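By the count of the working numbering, the sequence shown reaches residue 374 at its end, each step adding exactly one.
Ideal Cβ positions, reconstructed from N, Cα and C, are used throughout, including at glycine.
None of the values given here were measured: they were computed from a predicted structure.
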Amino acid sequence: MSIRKCFLIFAIFFLFITEGLSQTEIQKSAQRILQASFKAEPSVPARGLIGLKNGKVIFVSVVGHLSTEKVIPFSKDTPFRIASNTKTYLAARYFQLFENNELAPTDTIDKLLDSDTLKGLFEAGYLVDQITLSQLLGHTAGLRDHATSDSYFQQILAQTGRQWTAKEQINLMLSLGKPLFEPGSAHKYSDTGYVLLGQILERKYRLQLSQVVMQGLSSKGAPTASTWWEFYQSSPETALPRSRQYLTGGDVSDWHPSVDLHGGGGLVSSLYEMALFTDMLFDNAFFDKAETLNAMTNASAVPAPEKYRFGLTVADVAGHTAIGHSGFWGTVSYYFPDFDITIAGVVTDQTGYKRMQSDIEKIVGVISASK
């Protein structure tokens, strides 16, 4: 064997070993970080962190149990409500439809919504012939937000089992006042915009929103072993028992799912499948053309690209750009272009959300140092 060949084999072996050690250290760091947070916030029943690259787990750490009763251990496959992380799924489905020319980003809502909804929007001052699908997807339509209003929260607390319709949520938004700004001129997050997007799909296809979204995404391989649209779909046979979720110690697991069901939220998923979906999205698994993903993440197409694209929030995490979404109950799933890695986290009490974000910053720092 030649000296050159021996050197090449040694170099490949050394590279393999050092990369393996690096990944091992990242895994150990994730466990240390999570254990420290679990100890610091014992009121949070469970928390988890996971990292994926090209569909493969590069680190995962979970601690805790499905409830405060501490009977069943929490795992990376444990399902939970992911709230606004659902928006990325809905936006991805819309971009599939754009790609197939079934809809267009510039389509205005006056041609897509039912007459009663349009009448209410028009009377409230909304320019329905100017508001486009892309503006709803990017939160630039000037809509107010029913979900963050004091009125909505107080009504939920008064009747946690109440079944909310999409129309009731839209009407609540309309009662909050005039539009915040002219369509396309600024950015303001609005759950109601995604409720309208859900209504548009149901009206166009004469199907439940869950069917339109999940059939389109699953046809391209979106994970469904522990992901489903609550209320409208049964949990898969492959799914583990769902985790309880808490708001400052109060169990909110039995709040009616319609509180956040009609497009702004609605999905139940696991830490692993939530991360896998994000990872697949940025691997362009759900579209036939690379241009479609580029359009979904296009910074020049929105007035506040440092905040939001289309169904995707943008954040600076430890000096690195993160693109993905978070959910009200304590979830986040980010893709990091600098590393080509997806990192997701969950806490089952919302009070742990801030520390979860800090944990992600710490693990990003570890990954950055290993490069």
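In chain order, what residues of the same chain have a beta carbon less than 6 angstroms from the beta carbon of residue i, not counting five sequence neighbours either side?
i	result
residue 318	325
residue 345	55, 278, 281, 282 and 338
residue 313	94, 140, 141 and 299
residue 34	64
residue 335	329 and 348
residue 341	323
Classify residue i as helix, strand or coil using the three-state DSSP reduction.
i	result
residue 255	coil
residue 24	With a pLDDT of 44 at residue 24, under the threshold of 50, the modelled position of that residue is not reliable, and the figure given next carries that caveat. Residue 24: helix per DSSP, three-state reduction.
residue 153	helix
residue 46	coil
residue 194	helix
residue 311	strand
residue 367	helix
residue 294	helix
residue 181	coil
residue 126	helix
residue 300	coil
residue 166	coil
residue 331	coil
residue 120	helix
residue 105	coil
residue 2	The question about residue 2 has no answer, for the chain in this structure spans 4 to 374.
residue 358	helix
residue 39	helix
residue 188	coil
residue 161	helix
residue 144	coil
residue 206	helix
Please list, in chain order, all residues of the same chain as residue i whose beta carbon is under 7 angstroms from its beta carbon, the five residues on each side excluded.
i	result
residue 219	96 and 99
residue 130	186
residue 379	Lying before the first or after the last residue shown, residue 379 is absent from the chain, which here runs from 4 to 374.
residue 256	247 and 248
residue 121	113 and 131
residue 71	48
DSSP beta-bridge partners for residue i?
i	result
residue 347	53 and 336
residue 326	317 and 338
residue 352	249
residue 111	135
Might you give, ordered along the chain, the residues of its own chain that have their beta carbon closer than 8 angstroms to the beta carbon of residue i, omitting 5 neighbours on each side?
i	result
residue 373	25, 28 and 29
With a cut-off of 8 angstroms, do at least 3 Cβ pairs link the segment 152-169 to the segment 99-112?
-> no
Write down every uninterrupted run of the beta strand (DSSP E) in the segment 53-102 whose length is 3 residues or greater and which is fully enclosed by it, in chain order.
-> 59-67 and 82-84
Mind pulling the alpha helix (DSSP H) runs of 4 or more residues that sit fully within the segment 211-286?
-> 212-221 and 274-285
Counting Cβ pairs, one atom from each stretch, are 3 or more of them under 8 angstroms apart for the segment 236-254 and the segment 193-208?
-> no
Are the segment 288-301 and the segment 349-367 touching, with three or more C-beta to C-beta distances below 8 angstroms?
-> no
State whether the segment 118-129 contacts the segment 221-234, with contact taken as three or more CB pairs (one from each stretch) at a distance under 8 angstroms.
-> no
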